[in-house]
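Here this note's numbering is used: the first residue of the sequence shown is 19, the next is one more, and so on. Ideal placement from N, C-alpha and C gives every residue a C-beta, glycine not left out. Here's the structure we're looking at; comments come further down.
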Amino acid sequence: MKNIKLTIQYDGTRYQGWQKPGKKGNSNTISGKLTEVISRITDEETTLFAGAKTDTNVHADAQIVNFKTNTTLSALKLKQELNHYLPQDIAIISAEEVSERFHASLNAQTITYLYRVNCAPVADVFTRKYKYHLPDTLDLNAMQHASEQLLGRHDFKHFSSGKTKKSTEKDLLSIEIFNGFHIPKDLLLKCEQPSDADFLFLLKGNDFLHQMPLYLTETLLEIGLGSRNASSIPLIFSGEDTVSKRCPSHGLFLHEITYK
19 MKNIKLTIQY
29 DGTRYQGWQK
39 PGKKGNSNTI
49 SGKLTEVISR
59 ITDEETTLFA
69 GAKTDTNVHA
79 DAQIVNFKTN
89 TTLSALKLKQ
99 ELNHYLPQDI
109 AIISAEEVSE
119 RFHASLNAQT
129 ITYLYRVNCA
139 PVADVFTRKY
149 KYHLPDTLDL
159 NAMQHASEQL
169 LGRHDFKHFS
179 SGKTKKSTEK
189 DLLSIEIFNG
199 FHIPKDLLLK
209 CEQPSDADFL
219 FLLKGNDFLH
229 QMPLYLTETL
239 LEIGLGSRNA
249 SSIPLIFSGE
259 DTVSKRCPSH
269 GLFLHEITYK
């Protein structure tokens with residue numbers, strides 16, 4: 019039996035996240051569409067394992083998925099067949115046969131999320147589905163300085179939503195905040211040019227709780243707007259203060275997952 023690893027890019031706009039199809043057979047999820055096409059190609063029931071489970075409207079530059087199959091098709095042929103039958107907003111970037119021990123849902127070393135914000139007076143109609151439009155002025159230095167308090171190992175339960183059975187202690191390894199022409203070219207959307215109205219947040223950790231990137235980014239944006247003081251961050255960790263809302267999900271991208 020082969021173990022196939024896929025690197026997938028997708029536009030999450032019209033999907034209900036990565037999640038598995040519901041009991042009623044709703045396949046309007048990334049995993050639902052992918053499972054449907056893989057099963058058609060291999061003539062097998064397929065179980066997918068993903069590196070991260072993205073929510074509704076969240077996009078991916080490089081989601082990692084694996085599945086087991088008895089197909090005689092090569093990894094290259096699988097990639098070609100998948101890209102032929104999948105919708106145009108889901109693309110297989112690479113496919114390879116890997117060790118049977120590889121499991122995309124386990125042993126990720128780092129996960130990186132990217133969040134895009136646009137502060138222009140009017141939202142660009144061609145990028146509005148991929149950026150949070152916030153027509154205001156942000157203090158970049160204040161956000162960068164405040165982000166240092168979030169780094170390291172902390173209990174991030176107050177920067178997430180929903181309950182979890184797993185540990186809420188995570189290692190936030192880095193937060194980089196870029197503005198305008200300082201945004202690395204390889205992180206720009208294919209259809210955009212650098213603009214001083216654009217901000218980009220790059221968050222890397224060993225793992226993330228549900229919607230944690232959205233709550234972290236919202237906290238930094240409130241500090242950048244001047245509606246929150248950086249001194250509130252320790253109070254959020256302790257539960258004495260709260261982040262009352264999270265950023266809209268359409269500005270979030272699963273950017274990279276690395277494995278040991």
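Secondary-structure assignment with DSSP links Arg134 through a beta bridge to Leu218. Counting along the chain, Phe255 sits inside the alpha helix (DSSP H) bounded by residues 251-256. By the C-beta criterion, the segment 164-179 is judged to be in contact with the segment 256-274, since at least 3 inter-stretch pairs fall below 8 angstroms. Check the Cα spacing between His172 and each of Gln162, Leu218, Ala160, Ser185: the tightest is with Ser185. In the three-state reduction of the DSSP assignment, Gly242 falls in the helix class, which pools H, G and I.
Counting along the chain, Ile108 sits inside the beta strand (DSSP E) bounded by residues 108-116. Annotation: the segment 133-179 contains the following complete segments of the beta strand (DSSP E) (minimum length 3 residues), in chain order: 170-173.
In the DSSP assignment, Gln98 falls within the alpha helix (DSSP H) that extends over 93-103. Under the DSSP assignment, Leu52 falls in the alpha helix (DSSP H) whose first and last residues are 48-60. One alpha carbon belongs to Gly35, the other to His200, and they sit about 31 angstroms apart.
Membership of Leu207 in any beta strand (DSSP E) is not indicated, and neither H nor E is assigned to it by DSSP.
Cβ contact annotation for Asp225 (same chain, cutoff 6 angstroms, sequence separation greater than five): Lys188, in chain order. Under the three-state reduction of DSSP output, Thr72 falls in the coil class, being neither helix nor strand. DSSP, read as helix, strand or coil, puts Phe226 in coil.
Counting other Cβ atoms within 10 Å of its Cβ, Cys265 reaches 16 or more and is therefore classed as buried. Within the same chain, His77, Asp107 come within 7 angstroms of Asp29 by CB-CB distance, once the 5 residues on both sides are set aside. By the Cβ neighbour-count rule, Asn159 is exposed, with fewer than 16 other Cβ atoms within 10 Å of its own. DSSP places Thr276 within a strand segment (E or B) once states are collapsed to three. Looking at the DSSP output, Glu187 bridges to Asp173.
Sorting Met161, Gly223, Leu232 by C-alpha distance to the C-alpha of Gly242 places Met161 at the top.
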